[in-house]
Ligand code: B12
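Residue numbers (my numbering): 1067 to 1352.
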């Protein structure tokens, strides 16, 4: 049995929650196909890693595409070799192409394949976010229509929220995520939530356009380790005073394209790094 490598850190229940499977099914795949290679703690508990999570998602992807279980396991085990960087970047270009062509089937297939081969961090940082940003920039430059931008944002938002299933469960520190009143731009915040969950946090997501009073109420009820608000619009409604009040009772952080040092200082918040994955890493390391 392998020694406990640093990245082996969650138990079978957490792996089942993350992948929408059951501990019984995971044990069966481990026993029958050697799909998972858990490490063992002193106490003999199995601990699983991101690589184990990638294999389960790969197995699910192959089964969804109609492969037999043994064949699906074989492909999932074979999938690990692909270098993350190179492939994902190419995928981002093909994904943007498929999205601008309203080719849902191809866009979904590219996303499925990426999930089968790369970690969630790589899918976020090298595929979903670059593709969303590229469509956004083309829209701003008048090279993409509102319909193309809406199609792309909605499809990817659906896939990212699909990955978020169960992100509120577990025993890790809890983060309460929301967009302030009048703010509908939550794609970066969803990506940030997924990156936090990948690092063992529990995520409570209130989503777009949330009154600060509602955030304060939930924070008082849940007592999260962190409250995070995302700002994409510079012309956002005046919530500074309300946020500063909230910042006096909870640990507050702000992020997003319109989150500035001035805003963070004004409300007593931590200013998060622009990249959602790097921001989650920095917070967890901290
Ligand atoms: C998609 C989009 C929408 C979608 C949002 C869908 C959704 N669920 O998020 C919809 C259609 C709802 C929308 C509506 C509007 N939008 Co809009 N939208 C965009 C668009 C095209 C892309 C934004 C996006 O999501 N990009 C993908 C994300 C992942 O990238 P990003 O936002 O750049 O974020 C990066 C970082 O900031 C970071 N990040 C983002 N959030 C967070 C959060 C945390 C915690 C962290 C750590 C990091 C982080 O992650 C990303 C890094 O990769 C941009 C144009 C652009 N080029 O950005 C305009 C844009 C943001 N929208 C704009 C405007 C004006 C509007 C509307 C008013 C348009 C209208 N007249 O109706 C409405 C307002 C809605 C509202 N009340 O908020 C303006 C904002 C101008 C400003 N600075 O104030 C922009 C910049 C377009 C423009 N150039 O004018 N929009």
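By construction, the Cβ of each residue, glycine as well, lies at the ideal position given by its N, Cα and C atoms. Predicted model, so just to flag it, every value in this text is computed and none were measured.
One alpha carbon belongs to residue 1203, the other to residue 1098, and they sit about 48 angstroms apart. Under the Cβ criterion (8 angstroms, minimum of three pairs), the region 1258-1267 does not count as touching the region 1305-1316. Cβ neighbours of residue 1279 within its own chain (closer than 8 angstroms, five residues either side excluded): 1308. Straight through space, the alpha carbons of residue 1208 and residue 1081 are spaced by roughly 43 angstroms.
Residue 1251 is classed as buried because its beta carbon has at least 16 other beta carbons within 10 Å across all chains shown. In this structure, residue 1253 lies away from residue 1170, with their beta-carbon atoms at least 8 angstroms apart. For the pair residue 1193 and residue 1269, the Cα-to-Cα distance works out to about 22 angstroms. When only Cα atoms are considered, residue 1158 and residue 1283 end up about 39 angstroms apart.
Inclusion of residue 1341 in the 7 angstroms shell around the ligand B12 follows from its C-beta lying nearer than that to a non-hydrogen atom of the ligand. By the 16-neighbour rule on beta-carbons within 10 angstroms, residue 1130 is exposed. Between the ligand B12 and residue 1299, a heavy atom-to-CB distance of less than 7 angstroms is present.
DSSP places residue 1171 outside any beta strand (DSSP E); the residue lies instead in the alpha helix (DSSP H), whose first and last residues are 1170-1183.
Taken atom to atom, the span from the alpha-carbon of residue 1117 to that of residue 1247 is near 39 angstroms. Judged by the Cβ position, residue 1258 qualifies as a neighbour of the ligand B12 at the 7 angstroms threshold, a heavy atom of the ligand being closer than this. Under the Cβ criterion (8 angstroms, minimum of three pairs), the region 1209-1229 does not count as touching the region 1282-1296. Here residue 1236 is buried: its Cβ has 16 or more other Cβ atoms, across all protein chains shown, within 10 Å. Beta-bridge partners of residue 1244 (DSSP): 1273, 1295. The nearest non-hydrogen atom of the ligand B12 is 7 angstroms or more from the C-beta of residue 1352.
Bounds of any beta strand (DSSP E) do not take in residue 1201; it lies within the alpha helix (DSSP H) bounded by 1195-1206. In the DSSP assignment, residue 1318 falls within the unbroken beta strand (DSSP E) covering 1318-1321. If you draw a straight line from the Cα of residue 1331 to the Cα of residue 1340, it comes to about 17 angstroms.
For residue 1161 and residue 1199, the gap between their C-alpha atoms comes out near 12 angstroms.
Taking C-beta atoms as the reference points, residue 1297 and residue 1319 fail to come closer than 8 angstroms. Taking non-hydrogen atoms of the ligand B12 into account, the C-beta of residue 1254 is found less than 7 angstroms away from one of them. Taking 8 angstroms as the cut-off, the Cβ atoms of residue 1101 and residue 1142 count as close. Straight across, the Cα-Cα distance linking residue 1191 with residue 1342 is about 8 angstroms.
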